[in-house]
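First comes the structure, then the notes that go with it.
Protein chains in written order, with UniProt numbering: chain A, 1 to 189; chain B, 1 to 324.
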């Protein structure tokens, strides 16, 4: 099992020792295979680092079920994620591999792992800050969202948001006033 | 078990062989996988499946139709950033629509149009592409043809303020829908609509306080769409039943909150509420003006919806056994 997946799977019964060593090893193999799959649109990130891979289980019969949560309702990469997971699990020797969708709780950028954040920054994409928390009605914001964003190229904090919507649903467009380069920021949800 | 991996190099060398090996890989979002795979879609105890399904269709159709309208902006917006923003919003709404239509189909399969044997078209696509305008349950605000960018800003502001309030009620722990699927779809939608409403609110303010021309266009857009505003808060029988069963929200119940949000934007923008009467009836029921039986929720629409659907549905209808 990779370190990246531990926080994801710590919530559930991961290694069931009653099932013995074979089951544990099968689960580790399944976890390794599933957690190596990268996001189709952010290929510097694994699905585990993105927080999209929520769970991997191996049944008594050896069937593997991987659970994924969409980042956005219309995320067009879900099908590719599903296919890539099934393909990698097949390649790891699991003839029966399935992917199920988990809609709740909804994906949040807080699930992106530290490794994932570092990978984003290294690829020139500004990683998200903490997701907004609220109690009561959703506040209307008529002024640009304030974020502590730094240019991933030159490190300057003299940046302006160009649009809250970018090349994929999860990113906003920024421009650095210091080095004049545009860059993308994974917006907090 | 076939080792799909051995085909991989071919997939990338040749788009057509990739298409044959794995249809989900040649274009994103065109697969035939169930968007609710593995999700428990059991209808909660004491809830009429037909009511839940119709209620989900209403919320799904709102999103689907406005998504199609916003999609028309793709490559036509005033600048690249707004082009991308409108496409993003359209995509979010399309995603919500897909899940809601799939949920409707799972709750009450009898509402899904029948297709020839062997058709691979999934339920949510059957609902989207094989119903006529009369069967669409969306509010008419969603279907009105696009005007200029200012009118689109007004529409997104009105629509997202209202929808955000509905989905917030459906997912809030205190008022949560008893249908776990609907509550989950709503929770995700709230996060997305927050961005949509902020986008529209900021542009509303910018255009209102911009130039004389931008303000003129904004006010014209507001006047054009205002007659469709009241309809959003009129409770349909299905909505009432869904609310009573604890799965839906009575839109009349969110009116005060939504009006307060709108007033915030209008006040900041120095714009007065229009004084215009609500539009009544639809094109296909002349003469009858009996209240509440002539709204988009009843399948009574403006002519624009039929045109929109004709364009949206033509390819799917020409190939009911098609796969793309």
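Even glycine gets a Cβ: it sits at the ideal position worked out from N, Cα and C.
- Put simply, of B:222, B:319 and B:256 the residue whose alpha carbon is nearest the alpha carbon of residue 276 (chain B) is B:222.
- In the three-state DSSP reduction, residue 55 (chain A) falls in the strand class (E or B).
- Under a criterion of Cβ atoms nearer than 7 Å, the residues of chain B adjacent to residue 189 (chain A) are, in order, 191.
- In the same chain as residue 119 (chain A), and ignoring 5 residues on each side of it, the C-beta atoms closer than 6 Å to its own belong to 44 and 45, in chain order.
- In the three-state scheme derived from DSSP, where H, G and I count as helix and E and B as strand, residue 134 (chain A) is classed as coil.
- Within the stretch 156–169 of chain B, 161, 164, 165 and 168 place their CB atoms closer than 9 Å to a CB of chain A, listed in sequence order.
- Going by DSSP, residue 173 (chain A) is part of the beta strand (DSSP E) stretching over 171–176.
- For the pair residue 129 (chain A) and residue 304 (chain B), the Cα-to-Cα distance works out to about 43 Å.
- In the displayed model, residue 303 (chain B) falls within a helix according to three-state DSSP.
- Unbroken beta strand (DSSP E) runs of no fewer than 3 residues, entirely contained in the stretch 93–148 of chain A, are found at 97–101, following chain order.
- For residue 156 (chain B), the enclosing alpha helix (DSSP H) has its first and last residue at 149–171.
- Around the Cβ of residue 267 (chain B), a 10 Å sphere holds fewer than 16 other Cβ atoms; the residue is exposed.
- For residue 199 (chain B), the closest Cβ of chain A is nearer than 8 Å.
- Measuring C-alpha to C-alpha distances from residue 36 (chain A) to each of A:88, A:26, A:27 and A:42 identifies A:88 as the nearest.
- In the structure shown, the three-state DSSP call for residue 162 (chain A) is strand.
- Between residue 82 (chain A) and chain B, the shortest Cβ-Cβ separation is below 8 Å.
- Annotation: residue 238 (chain B) has no Cβ neighbours in chain A at a cutoff of 9 Å; minimum Cβ distance is about 23 Å.
- Put simply, of A:179, A:186 and A:165 the residue whose alpha carbon is nearest the alpha carbon of residue 79 (chain B) is A:165.
- By the neighbour-count criterion, in which a residue is buried when 16 or more other Cβ atoms sit within 10 angstroms of its Cβ, residue 160 (chain A) is exposed.
- Contact holds between the stretch 92–103 of chain A and the stretch 58–65 of chain A, because three or more Cβ pairs, one in each stretch, are under 8 Å apart.
- Contact between residue 252 (chain B) and residue 235 (chain B) is confirmed by a C-beta separation of about 5 Å, below the 8 Å threshold.
- By the neighbour-count criterion, in which 16 or more other beta carbons inside 10 Å mark a residue as buried, residue 76 (chain B) falls on the exposed side.
- Going by DSSP, residue 183 (chain A) is part of the beta strand (DSSP E) stretching over 182–186.
- When the five nearest sequence neighbours on each side are left out, the beta carbons in the same chain lying within less than 6 Å of the beta carbon of residue 125 (chain A) are those of 184, in order along the chain.
- A residue is called buried when at least 16 other Cβ atoms come within 10 angstroms of its Cβ; residue 156 (chain A) does not meet this threshold and is exposed.
- The criterion of a C-beta distance shorter than 8 Å is satisfied by residue 154 (chain B) and residue 218 (chain B).
- In the structure shown, the three-state DSSP call for residue 206 (chain B) is helix.
- The three-state reading of DSSP puts residue 41 (chain B) in coil, since its state is none of H, G, I, E or B.
- The shortest CA-to-CA distance from residue 167 (chain B) to any of B:258, B:209, B:85 and B:271 is the one to B:258.
- Around the Cβ of residue 125 (chain B), a 10 Å sphere holds 16 or more other Cβ atoms; the residue is buried.
- At a beta-carbon threshold of 8 Å, the residues of chain A lying near residue 257 (chain B) are 137, ordered along the chain.
- With its beta carbon less than 8 Å from one in chain A, residue 195 (chain B) belongs to the interface.
- In this structure, B:61 is the residue among B:302, B:248 and B:61 with its C-alpha nearest to the C-alpha of residue 94 (chain B).
- 87, 88, 89, 90, 91, 92, 93, 94, 95, 96, 97, 98 and 99: these are the residues of the stretch 87–119 of chain B whose beta carbon lies less than 9 Å from some beta carbon of chain A, given in chain order.
- Rounded to the nearest whole angstrom, the C-alpha separation of residue 70 (chain A) and residue 132 (chain B) is 30 Å.
- The three-state reading of DSSP puts residue 194 (chain B) in helix, counting H, G and I together.
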